[in-house]
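Residue 751 is where the sequence shown starts when you use my numbering, and the numbers rise one by one after that. Beneath this line is the structure, given in structure tokens, with notes to follow.
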Amino acid sequence: MPDLTIRNLTATALELKLVERFDGKATSGGEHKVKGKISGVFKGSSVAQHARIKGESRDSRELSLPLGRFETHGTDVQAPEPGREVVRLTFEFDGHRYQVDVPGESTRSLVMKKLDDGPHEYTVVYVTNGSCVSIYSSTHLVSWMKELRDEWPLTALSIPGTHNSPTSHVALPSVRCQAVGIREQLDNGVRFFDVRVQVNSNDNKSDLILVHSAFPISLTGTKYFHDLLDDVYSFLDANPSETLIMSIKREGTGKGTDEQLSKHLHQRYAAPDNAKWWTEPRIPRLGEARGRVVLFRRHVNDASLDAEHDGRGYGLDCADWPDNCEDATTGGPGIARVQDFYEMDASHNIVKKIELARAHLERAAERVCPVDPAPGDENKPFFVNFLSASNFFNANCWPEKIAAKLNPATIEYMALRHGEAGKGPNELPVGDGSTGILVTDWVGLDGDWDLIRCIVGWNARLQLKE
């Protein structure tokens, strides 16, 4: 077996102090089957191995291996033999000790056990086929933005998002993209929401209908935009440290236009709750956006909104969204750089999609955002990276099947290679190490939020610049 590599992806220096080796018994084996839903989000690119300790330690070794903040170190600790061994690692920070067993008893991330009253909490992702232990700062996902400074532009942050965010209901094949609803997504750290609405007329008294392409998002009754906003407003009232970005696009079979949608959003939703929305046509700092919905519009505005904000317009303008793109810009150079390749026709396209997502992660990591940017320096674009793809006519390419491959492959990449200079697909240097905005399908199934935890965890790197 190869030796373990340890990545300390936290803002605290750690030291590996003790290694113990146990016999283990496999707790699962064989490949997970996906039948209409994801049976386990984190598997790695190959089958994940899990084991339970049998008996007492058969080997114990004290050592002293310093692990600096966001540093990667090789070790002379042999990785556990899959399904047969468990290695227990004990780390120390400021005199306090923390312990973790790798592999764990399930596919989930591992929470380090505190051996005393240590002040920190740590989460571990173990990638079997990389023999890599990646350590993240455990985060309260409901309010993870609380730890970040007001001065950061939103584009500096690593932000989890969801594709066709409200589509967690019983629906036609390929229409449903999410395992859980909006409030549960918010409570577990999602902060970018992709929302598609149908506009039926120019009557501002009618509500917007939530859709996915031409289809309703639920077979059990129409779902409305105002109900989604009720969940959002309730969350922001309870968590004023947070903000969220809402991408809004017109779809469906309604006869309304983009311009009518823009007036409807402004007159019925944003203007009456002005304190809940950020509609300036510039990317805000986190402090400006806390407690608010940032409007990221994928529709054309009505000319009547051109006079808003002293004639600068209304909302972040991404109306010229590039279709099926591998790497393209929208809204000029200052709004977003996008990977949104979504056409799936065969398994080789899934491999292509994984590589495109990794390449965009690498681009996001290369960029440097200044704290409290001066005028002229603030227009660093969002890197928006869609992990979603589908093919309505091929059941093997429905959203849940794609997610079962893309999500674990992304976790694995972030654990093994993200933020490592020269280790990405294009061997780029590393700047801030951000992930950008990752837009996902089918997170949260059966309480599995590992992908979201990995994305949020990278914000700890911003603390190194403070």
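The beta-carbon is built from N, C-alpha and C at its ideal position, and this holds for glycine as well.
Start-to-end residues for the beta strand (DSSP E) that takes in residue i
i, result
"F841", "835 to 843"
"L815", "800 to 817"
"R1000", "994 to 1000"
"E821", "821 to 828"
"K1189", "The sequence as given places Val at residue 1189; Lys does not occur at that position. Run containing V1189: 1187 to 1190, per the beta strand (DSSP E) assignment."
Assigned secondary structure, residue i (DSSP; H/G/I helix, E/B strand, else coil)
i, result
"D1196", "helix"
"D1056", "coil"
"N1051", "coil"
"K775", "strand"
"C1119", "coil"
"F792", "Low local confidence applies: a pLDDT of 34 at F792 is under 50, so the model's placement there is unreliable, with the coordinate-based value given in what follows. It is coil, neither helix nor strand."
"E1038", "helix"
"P1083", "helix"
"K787", "With a pLDDT of only 31 at K787, under the threshold of 50, the placement of this residue in the model should not be trusted, and no figure is reported."
"I756", "strand"
"T762", "coil"
"K893", "In the sequence under discussion, the amino acid at residue 893 is Ser, which differs from the Lys named in the question. Here S893 sits in helix by DSSP."
"T878", "helix"
"K767", "strand"
"Y886", "strand"
"Y983", "helix"
"K1130", "coil"
"H846", "strand"
"I1033", "coil"
"D1182", "coil"
"K863", "strand"
"L978", "helix"
"H782", "Summary for H782: the model assigns pLDDT 38, below 50, so the residue's position carries little reliability; its value from the coordinates is reported in the next sentence. Looking at H782 - three-state DSSP - the assignment turns out to be coil, as it is neither helix nor strand."
"E691", "There is no way to answer for residue 691, as the model of the chain reaches only from 751 to 1216."
"N1176", "coil"
"V797", "Because the pLDDT at V797 is just 38, under 50, the model does not fix this residue reliably, and the value given afterwards should be weighed accordingly. Coil at V797, not helix or strand."
"L898", "coil"
"L1137", "coil"
"E831", "coil"
"E1105", "helix"
"Y1019", "helix"
"C1204", "helix"
"G1063", "coil"
Inter-residue CB distance, residue i and residue j (contact presumed, cutoff 8 Å)
i, j, result
"W1208", "T1185", "5 Å"
"G818", "L891", "Contact doesn't hold; Cβ gap of about 26 Å is too wide."
"A1069", "P1175", "Their Cβ separation, rounded to whole angstroms, is 30 Å, which puts A1069 and P1175 out of contact at 8 Å."
"V875", "S859", "5 Å"
"L1045", "M996", "6 Å"
"E855", "D773", "At roughly 14 Å, the Cβ-Cβ gap does not stay under 8 Å, so E855 and D773 are not in contact."
"L994", "F943", "6 Å"
"I967", "A929", "With 8 Å as the limit, I967 and A929 do not qualify as a contact, their Cβ atoms being about 14 Å apart."
"D866", "R847", "6 Å"
"R802", "K767", "No, R802 and K767 are not in contact; Cβ-Cβ is about 24 Å, not under 8 Å."
Test item: CB-CB of residue i and residue j under 8 Å
i, j, result
"P830", "E765", "no"
"L979", "I998", "no"
"A906", "L1212", "yes"
"S908", "I1205", "yes"
"A761", "L1214", "yes"
"P1034", "D1067", "no"
"A1086", "F1136", "no"
"V1134", "V1193", "no"
"T755", "T822", "yes"
"Y1064", "S1138", "no"
"V1223", "W1028", "Outside the modelled stretch of the chain, which goes from 751 to 1216, sits residue 1223, for which no answer is possible."
"C882", "R1018", "no"
"R941", "E897", "no"
"M862", "V877", "no"
"P916", "L960", "yes"
"Q948", "T912", "no"
"D753", "D826", "yes"
"L1106", "N1157", "no"
"P903", "P1123", "yes"
"G1172", "R1117", "no"
"W1071", "R1040", "no"
Limits of the unbroken alpha helix (DSSP H) element including residue i
i, result
"E1162", "1149 to 1166"
"K1013", "1008 to 1014"
"E730", "This structure does not reach residue 730, given that the chain is present from 751 up to 1216, and the question cannot be answered."
is_contact[residue i, chain B] using C-beta, thresh 8 Å
i, result
"E1093", "Structure shown: chain B not included; a single protein chain is present."
Segments of 3+ residues assigned as beta strand (DSSP E) that fall wholly inside the segment 901 to 976 = The beta strand (DSSP E) runs lying completely inside the segment 901 to 976 and spanning 3 residues or more are 909 to 912, 942 to 948, 959 to 962, given in chain order.
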